[in-house]
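Student: I have a structure here, written as structure tokens, and I will follow up with some questions on it.
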Amino acid sequence: MKKNIAVLPGDGIGPEIIAQAVAVLDAVAERYGHEFNYEYAQIGACAIDACGDPYPQETHEICMRADAILFGSIGDPKYDNDPAAKVRPEQGLLRMRKSLGLYANIRPVKPYDSLLDASPLKNERVAGSDFIVVRELTGGIYFGEPRGRDASGNTAFDNCVYSREEIERVAHVAFQYALRRRGKVTLVDKANVLETSRLWRETVKRIHQSDYPGVSLDFMFVDNAAMKMVSNPKDFDVILTENMFGDILSDVSGVINGSIGLIPSASFGKERSLFEPIHGSYPQAAGRDIANPIATILSAAMMLEDAFGLSEEAQAVKDACAKAISDGVCTEDIIPGSRYGTKATGQYIVDIIKA
Ligand code: IPM
Ligand code: MN
């Protein structure tokens, strides 16, 4: 199989973790006789430095002509500490999601048995957890208008907006996953307070009744869901939620897994699919060869499976990651004092795939 992949390393640890994911894709290509061609493009702070735009037109064109997109991370402390900055790296990521129409973001959580002690939660609570967060990615408070400041500059507003159609399309994605999993969807919202959440409930209930009566559907307020996620993570199968709640809850889910450095994601939409780790650019670790490459390598596995239909290859990558972890070969976020860095961990996984 021949595929063109747009590769967007981004900022911070992005280039280091992406290098390992590309090495893994090359190992898969060699072992299974595929040809993957990579076209690199800039996004985030590095793109602002290069051309003043966090999502340059050229990057968009490279994404549009690729079969799938592999993305690292964006963000830079020089912008975090400057709330007045007019152009921000995050705008690049948000514009990319919006212009590629990436409305459904899937974040799978399934702790490794050999890593249960890496979670600060009790083993018996975490063991056997297996759920996905389906996060709506192109709507809500991240994008709603109006947003900004009033004339005085002393009042700020971000509007949360959802249309029925935006809810429907991501709800279908969640129900379809549930059909292939344990058949349960939990809609997480704040319907006791927010009108958008009430529209979510109404819309999701309607789709459930008409199209997926065999799936079980329940509802949970987001504050309660955050508590349940750490106290009873096994209760969840598919969590369907809006953009901001999904962002927050998926970081919480990193605690269940032992490290946020292990959670990949896939984003699907109208134009293309994109694969990225859920963690950020971790600037304190940039250039130090300590960042965990596994979330990005597992994102590449999701690409193989979901974008290219290469299930056997994806499984080989997932098995190689699991073996590296159970062999104690991974970075210090999950193996305290580990002598294995980003490169050595990636290389170990490459060698398993090629063996
Ligand atoms: C994520 C990140 C982004 C988000 C940031 C970097 C804009 O936290 O992908 O979860 O909030 O969506
Ligand atoms: Mn986030």
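In terms of the working numbering, the sequence shown opens at residue 5 and continues consecutively.
Just so you know, even glycine gets a beta-carbon here, dropped at the ideal spot from N, CA and C.
As the structure is a prediction and not an experimental result, all values here were calculated from the model.
For T159, which of helix, strand or coil comes out of DSSP?
Tutor: Reduced to three states, the DSSP call for T159 is coil.
Student: What are the boundary residues of the beta strand (DSSP E) that P287 is part of?
Tutor: P287 -> no beta strand (DSSP E), and no H or E assigned at all.
Student: Please state the DSSP three-state secondary structure of M100.
Tutor: Three-state DSSP puts M100 in a helix.
Student: Please list the terminal residues of the continuous alpha helix (DSSP H) segment that includes R173.
Tutor: Where R173 is concerned, the enclosing alpha helix (DSSP H) stretches over 168-184.
Student: Would T335 be called buried (16 or more neighbouring beta carbons within 10 Å of its own) or exposed?
Tutor: Buried, because 16 or more other Cβ atoms sit within 10 Å of the Cβ of T335.
Student: Whole angstroms is fine: what's the gap from D222's alpha carbon to I243's?
Tutor: Whole-angstrom Cα-Cα distance: 10 Å.
Student: Excluding sequence positions up to five away, which residues of its chain have a Cβ less than 7 Å from the Cβ of L125?
Tutor: The residues are V234, V259, I260.
Student: Assuming D57 and A51 make a contact with CB atoms under 8 Å, what is their CB distance in whole Å?
Tutor: Yes, D57 and A51 are in contact; Cβ-Cβ is about 6 Å, under 8 Å.
Student: Report yes if the C-beta of L302 is less than 7 Å from at least one heavy atom of ligand 1; otherwise report no.
Tutor: Checking the Cβ of L302 against ligand 1 gives no.
Student: What are the partner residues of T190, as DSSP defines its beta bridges?
Tutor: Its beta-bridge partners are D222, I243.
Student: According to DSSP, F135 sits in a beta bridge with which residue or residues?
Tutor: Answer is V113, bridged to F135.
Student: Just how far apart, CA to CA, sit C67 and V174?
Tutor: Cα to Cα, C67 sits roughly 22 Å from V174.
Student: Report back the beta-carbon spacing between S103 and D15 to the nearest angstrom; my notes put them in contact at under 8 Å.
Tutor: No, S103 and D15 are not in contact; Cβ-Cβ is about 19 Å, not under 8 Å.
Student: Would DSSP call V91 helix, strand or coil?
Tutor: V91: coil per DSSP, three-state reduction.
Student: Can you tell me whether E94 sits near ligand 1, meaning its C-beta is under 7 Å from at least one heavy atom of the ligand?
Tutor: Checking every heavy atom of ligand 1 against the Cβ of E94, one is found closer than 7 Å.
Student: Report all residues from its chain with a CB closer than 6 Å to the CB of A229; omit the five preceding and five following residues, and keep chain order.
Tutor: The answer, listed in chain order, is V192.
Student: Any idea which residues DSSP pairs N8 with across the strands?
Tutor: According to DSSP, N8 bridges with N41.
Student: Does D227 pass the burial test, meaning 16 or more other C-beta atoms within 10 Å, or should it be called exposed?
Tutor: With fewer than 16 Cβ atoms within 10 Å of its Cβ, D227 is classed as exposed.
Student: Are three or more beta carbon pairs between the segment 294-302 and the segment 30-47 nearer than 8 Å?
Tutor: Taking 8 Å as the limit for Cβ pairs, the verdict is that the segment 30-47 does not touch the segment 294-302.
Student: Span of the alpha helix (DSSP H) holding A1?
Tutor: This structure cannot settle anything about residue 1, because the visible part of the chain is limited to 5 through 359.
Student: Along the chain, where does the alpha helix (DSSP H) that runs through L203 open and close?
Tutor: Residues 199-215.
Student: Return helix, strand or coil for A359, following the three-state DSSP convention.
Tutor: Here A359 sits in coil by DSSP.
Student: Say yes only if the C-beta of I171 is nearer than 7 Å to one or more non-hydrogen atoms of ligand 2, and no if none qualify.
Tutor: No, Cβ of I171 sits at least 7 Å from all heavy atoms of ligand 2.
Student: DSSP three-state call for I301: helix, strand or coil?
Tutor: Helix at I301.
Student: Sorted by chain position, which residues of the same chain lie with C-beta nearer than 7 Å to T207's C-beta, five sequence neighbours on each side aside?
Tutor: These residues qualify, in order along the chain: R168, I171, E172, A175.
Student: Could you give the C-beta distance for I17 and A295, rounded to a whole number, given that I count them as a contact under 8 Å?
Tutor: Contact flag correct, Cβ pair sits at about 4 Å.
Student: Pull up the DSSP beta-bridge partners for E280, would you.
Tutor: Partner(s): S269.
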